[in-house]
Amino acid sequence: MQASGQIGILMNVEDVEDVMKNPAFPDSLKARIRLIQEIKQFGVDSLGLEPSKNYTTFYNQHGKPLIWLITASPRYKIEPYKWRFPVVGTFPYKGFFDSTRAVTEEQQLIQKGLDTDIGEVSAWSTLGYLKDPILSSMLKRKDGSLANLILHELTHGTLFVKSDLELNENLASFIGDQGAIRFLKYKFGENSQELKLYEYSKEYNDAYSGHMLRGIAKLDSLYKTFKDLSPDPKKDTLKKRIIMNILSDADTLLSSKRTFKNKNSLPDSKLPNNAYFISYQTYKSKQDIFRKEFKSKFGGDLKKYLAYLKVKYPSM
Numbered sequence: 001m002q003a004s005g006q007i008g009i010l011m012n013v014e015d016v017e018d019v020m021k022n023p024a025f026p027d028s029l030k031a032r033i034r035l036i037q038e039i040k041q042f043g044v045d046s047l048g049l050e051p052s053k054n055y056t057t058f059y060n061q062h063g064k065p066l067i068w069l070i071t072a073s074p075r076y077k078i079e080p081y082k083w084r085f086p087v088v089g090t091f092p093y094k095g096f097f098d099s100t101r102a103v104t105e106e107q108q109l110i111q112k113g114l115d116t117d118i119g120e121v122s123a124w125s126t127l128g129y130l131k132d133p134i135l136s137s138m139l140k141r142k143d144g145s146l147a148n149l150i151l152h153e154l155t156h157g158t159l160f161v162k163s164d165l166e167l168n169e170n171l172a173s174f175i176g177d178q179g180a181i182r183f184l185k186y187k188f189g190e191n192s193q194e195l196k197l198y199e200y201s202k203e204y205n206d207a208y209s210g211h212m213l214r215g216i217a218k219l220d221s222l223y224k225t226f227k228d229l230s231p232d233p234k235k236d237t238l239k240k241r242i243i244m245n246i247l248s249d250a251d252t253l254l255s256s257k258r259t260f261k262n263k264n265s266l267p268d269s270k271l272p273n274n275a276y277f278i279s280y281q282t283y284k285s286k287q288d289i290f291r292k293e294f295k296s297k298f299g300g301d302l303k304k305y306l307a308y309l310k311v312k313y314p315s316m
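For what it's worth, full-length UniProt numbering labels the leading residue of the sequence shown as 1, then goes sequentially.
1) Within 10 angstroms of the Cβ of residue 205, are there 16 or more other Cβ atoms? Answer buried if so, exposed if not.
2) Would you report the Cα separation of residue 98 and residue 67, rounded to the nearest angstrom?
3) For residue 83, which residues from the same chain have a beta carbon less than 6 angstroms from its beta carbon, with the 5 sequence-adjacent residues on both sides left out?
4) From 242, 195 and 43, pick the residue whose C-alpha is nearest to that of residue 307; which is it?
5) Are the segment 13–30 and the segment 106–125 touching, with three or more C-beta to C-beta distances below 8 angstroms?
6) Would you mind giving the Cβ-Cβ distance between residue 128 and residue 303, rounded to the nearest angstrom? I have them listed as a contact below 8 angstroms.
7) Please check the pair residue 147 and residue 39, which I expect to be a contact at CB under 8 angstroms, by giving their CB distance rounded to whole angstroms.
8) Is the segment 188–208 touching the segment 233–243, taking contact as three or more C-beta pairs under 8 angstroms?
9) Quick one: what does DSSP say residue 75 is sitting in, helix, strand or coil?
10) Since residue 131 contacts residue 227 with CB under 8 angstroms, what's their CB separation in whole angstroms?
11) Note down the Cα distance separating residue 381 from residue 239, rounded to an integer number of angstroms.
12) Please identify the residue among 164, 270 and 34 whose C-alpha is closest to the C-alpha of residue 85.
13) For residue 177 and residue 64, what's the separation of their Cα atoms in angstroms?
14) Grouping DSSP H, G and I as helix and E and B as strand, with all else coil, what is residue 15?
15) Using a 10 Å radius around the Cβ and a threshold of 16 neighbouring Cβ atoms, would you call residue 314 buried or exposed?
16) If you drop the 5 nearest sequence neighbours on each side, which residues of the same chain put their C-beta closer than 7 angstroms to that of residue 157?
17) Under DSSP, the alpha helix (DSSP H) around residue 103 begins and ends at which residues?
18) Look up residue 260 in the DSSP assignment and say whether it is helix, strand or coil.
19) Assuming residue 59 and residue 136 form a contact by the criterion Cβ under 8 angstroms, report the distance between their Cβ atoms to the nearest whole angstrom.
20) Per DSSP, what kind of secondary structure is residue 165 in: helix, strand or coil?
21) Run through the DSSP bridge pairs and tell me what residue 84 is partnered with.
22) Taking all protein chains shown into account, do 16 or more other C-beta atoms lie within 10 angstroms of the C-beta of residue 245, making it buried, or fewer, making it exposed?
23) What are the boundary residues of the alpha helix (DSSP H) that residue 42 is part of?
24) Could you check if residue 193 is buried or exposed, using at least 16 other CB atoms within 10 Å of its CB as the buried criterion?
25) Does DSSP put residue 126 in a helix, in a strand, or in coil?
26) State the Cα-Cα distance for the pair residue 162 and residue 191, rounded to the nearest angstrom.
27) Where DSSP assigns a beta bridge to residue 134, which residues make up the other side?
28) Give me the Cα-Cα distance between residue 160 and residue 168, rounded to the nearest whole angstrom.
29) Exposed or buried, what is residue 24 when buried is set at 16 or more other beta-carbons lying within 10 Å of its beta-carbon?
This is the structure we're talking about:
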């Protein structure tokens, strides 16, 4: 992330205590802030996440996007382009607090012949070095999604392995997901509408992510048939055909319950490329590994599992 962008935001935050005392701040949003504090405390007490001063400040985005993330990949290979940063090592993405700078960086990558993807994100972690603020956009999330996000980001501040972001993001995704389920049960009950809504959403998100990971395998198989990696219209046609099939097939996932909104009707110029698939690799490719170990060795005890992981993967 841009250091100057982070500093600019952190210099314009308000203490949560002041926000909660402000009579002009809506009570409904104050309730969401209290929920974030409860999620955070649950993460510390019940999951073993490290205590921190994160989410004790508030930043009002005034309805505007805040962070843009770029990923990139070779034209005929699903492999993340990596950026190197001091202290934290390599990352398969780069974040910007300025959309103009993000687009400029993306154009430079395209000129190098790389596939790119750029999109908005709703949070970031300073890994415990600074106090991460509550962003106003977070308050619009449903309970389960909010719990997942907060616990995901707090996991980064608890365990972060240098130069292994695929491990870090997969782990944070796993803890965020499993932690959210446990928080919703604790807060609302096992038969609550809040838990049912989250599990309903999770079923489809997991199915779509799994489908994208299988799509990566199909693209990898195609690329291995290419004798070289030089740009070629025939290669591009084969590549686009597989990507279109991947997106089209997503419509049939659990189709008896819900139809996915995907990109299969887009023109060629707007079709996702290799970079689109990188995020699924970064955030979801190790979920089955964590899930099997979690269940077989720890009987579903998330606090014990996280304690084990903190020993297994020494953090920065």
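Where is the CB? At the ideal position from N, CA and C, for every residue including glycine.
Well, looking at it:
1) Its Cβ having fewer than 16 others within 10 Å, residue 205 is exposed.
2) Each residue's alpha carbon lies about 7 angstroms from the other.
3) 91 and 94.
4) Nearest of 242, 195 and 43 to residue 307, Cα basis: 43.
5) No contact exists between the segment 13–30 and the segment 106–125.
6) About 19 angstroms separates the CB atoms of residue 128 and residue 303; that is not less than 8 angstroms, and the two are not in contact.
7) Going by Cβ atoms, the distance from residue 147 to residue 39 rounds to 5 angstroms, so yes, they are a contact pair.
8) Short answer: they don't touch.
9) Coil.
10) Taking the Cβ atoms as the reference, residue 131 lies roughly 53 angstroms from residue 227, outside the contact range of under 8 angstroms.
11) Nothing can be reported for residue 381, as the shown portion of the chain is limited to 1 through 316.
12) If you compare the alpha carbons of 164, 270 and 34 with that of residue 85, the shortest gap goes to 164.
13) Each residue's CA atom was taken as its position, placing residue 177 and residue 64 some 27 angstroms apart.
14) Correct three-state label for residue 15: strand.
15) Counting Cβ neighbours within 10 Å, residue 314 comes out exposed, since fewer than 16 surround it.
16) A distance below 7 angstroms between beta-carbons, with the five flanking residues on each side excluded, links residue 157 to the following residues of its chain, in chain order: 50, 52, 54, 125, 127 and 128.
17) It spans 99–111 - the alpha helix (DSSP H) in which residue 103 sits, taken as one unbroken run.
18) Bear in mind that a pLDDT of 48 at residue 260, under 50, signals an unreliable position, so the model cannot answer this.
19) The Cβ separation is near 7 angstroms, so the contact holds.
20) Residue 165: helix per DSSP, three-state reduction.
21) Listed as beta-bridge partners of residue 84 by DSSP are 90.
22) Result: exposed.
23) Counting along the chain, residue 42 sits inside the alpha helix (DSSP H) bounded by residues 27–42.
24) Burial is judged here by how many other beta carbons sit within 10 angstroms of a residue's own beta carbon; residue 193 has fewer than 16 and is exposed.
25) Coil.
26) Roughly 40 angstroms separates the two Cα atoms.
27) According to DSSP, residue 134 bridges with 58.
28) CA-CA distance, residue 160 to residue 168, rounds to 6 angstroms.
29) Residue 24 is exposed by the Cβ-count criterion.
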